[in-house]
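**Student:** Numbering (this note's numbering), first residue to last: 1 to 355.
We treat Cβ as the ideally placed atom computed from N, Cα and C, and that holds for glycine.
Just so you know, these numbers come straight off a predicted model, no measurement behind them.
Supplied in structure tokens, the structure appears directly below.
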Ligand SMILES: [Mn+2]
């Protein structure tokens, strides 16, 4: 597998490419043009500029996380085809630059959701946490302020202020969008982009919803094994695949992650690996990648990835805030670097045992 690191770009990230390069085994970067808006067609020169920065630093640009999907596509409004065409043009440009992985999500209004971005742990580190009891007490329009006030001054991916200023309007837009309709709109979108993905060998990799249940009454459709298989079968093209995010899947402890991995052989294009600790139903916090620190069996997860022959990009997902580092919550250098070493250690040991 290709160990990689998410990086938001020089203007937006506290971590530097040269620092990432010094992490043993780190070969790639997963990035984005952070100042583009959902629905924009990406600029070819900007894509080339990003790729050059990454390659000049001795790393490879292994994928984009994310090319975000415009609400017109998710809602299925009459103007969606215009935004789908922009998306197709962006895929063509990325593909022509040899960038063959696009991670995206199909969650309405709110991207990933947390009730706390800096929950203290007994060792003095802080982590992102989710408590449904807290979320139930907050109005959606107040939720942004809570997230933003907690973000160390960084713009959180999926929580851009200009978008959140329109929260009420967005809720109105989605009021008749059932889970069935959202699924149909996703299939419509994927069918439209598959030809250009075939042409340039670009993999679309949908991220698991986070958490995997409805938040604020909005529909959620990418929640576990059944829904993932339904989507894989609805658009059977192998370029329609999955970003297997262990943390998001684990928000529902009933999700058997090694089993889901084995069942999706050939359709997992990208892996996010992190550990979570569950304390009660609907209540969890993120943990260090080390198995014993959380509730997930990271060894069994890595074993399943090796067993299906997964060799694509993988990245340590959110880390804890440790050693006084100030960064975008979840995206510091230190704990993700530590996490990558644990993951590589598991991978090397499992591979050697198999050989
Ligand atoms: Mn993830």
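Could you name the residues of the same chain whose beta carbon sits closer than 8 Å to that of residue 224, not counting the 5 residues immediately before and after it, in chain order?
**Tutor:** 212, 249, 252, 254, 255 and 260, listed in sequence order.
**Student:** Looking at the unbroken beta strand (DSSP E) that takes in residue 321, where does it start and where does it end?
**Tutor:** That residue, residue 321, is in no beta strand (DSSP E); it is neither H nor E in DSSP.
**Student:** Less than 6 Å between C-beta atoms, sequence neighbours within five positions excluded: which residues of the same chain meet that for residue 14?
**Tutor:** Taken in chain order, the residues that qualify are 327.
**Student:** Taking the Cβ atom as the reference point for each residue, do residue 289 and residue 243 lie within a distance shorter than 8 Å?
**Tutor:** Cβ atoms of residue 289 and residue 243: not closer than 8 Å.
**Student:** Helix, strand or coil: how does DSSP classify residue 90 here?
**Tutor:** Note: residue 90 maps to helix in three-state DSSP.
**Student:** Closer than 7 Å: is that where the CB of residue 248 sits relative to any heavy atom of ligand 1?
**Tutor:** At least one heavy atom of ligand 1 is nearer than 7 Å to the Cβ of residue 248, so yes.
**Student:** At the level of alpha carbons, what is the spacing between residue 59 and residue 227?
**Tutor:** So the two alpha carbons sit approximately 35 Å from each other.
**Student:** Would you say residue 136 touches ligand 1, meaning its beta carbon is less than 7 Å from a heavy atom?
**Tutor:** Answer for residue 136: no, Cβ out of range of ligand 1.
**Student:** Could you tell me the alpha carbon to alpha carbon distance between residue 268 and residue 205, rounded to whole angstroms?
**Tutor:** Approximately 7 Å, taken between the alpha carbons.
**Student:** Let me confirm a value: residue 122 is counted as buried when at least 16 other C-beta atoms fall within 10 Å, else exposed. Which label applies?
**Tutor:** Flag for residue 122 reads exposed.
**Student:** Quick one, which of 33, 36, 32 and 2 has its alpha-carbon nearest residue 26's?
**Tutor:** The residue with the shortest Cα to Cα distance from residue 26 is 2.
**Student:** At which residues does the beta strand (DSSP E) containing residue 65 begin and terminate?
**Tutor:** Per DSSP, residue 65 belongs to the beta strand (DSSP E) from 60-65.
**Student:** Note down, in chain order, each residue of its chain lying with its Cβ closer than 6 Å to the Cβ of residue 190, except the 5 sequence neighbours on either side.
**Tutor:** Same-chain partners within the cutoff: 235 and 240.
**Student:** Kindly confirm or deny that the segment 124-140 and the segment 77-88 touch, where touching means at least three C-beta pairs closer than 8 Å.
**Tutor:** Result no; under three Cβ-Cβ pairs closer than 8 Å.
**Student:** Say the cut is 7 Å; is the CB of residue 197 nearer than that to a heavy atom of ligand 1?
**Tutor:** Outside the cutoff, so no.
**Student:** Any heavy atom of ligand 1 closer than 7 Å to the CB of residue 335?
**Tutor:** Flag unset: Cβ of residue 335 not near ligand 1.
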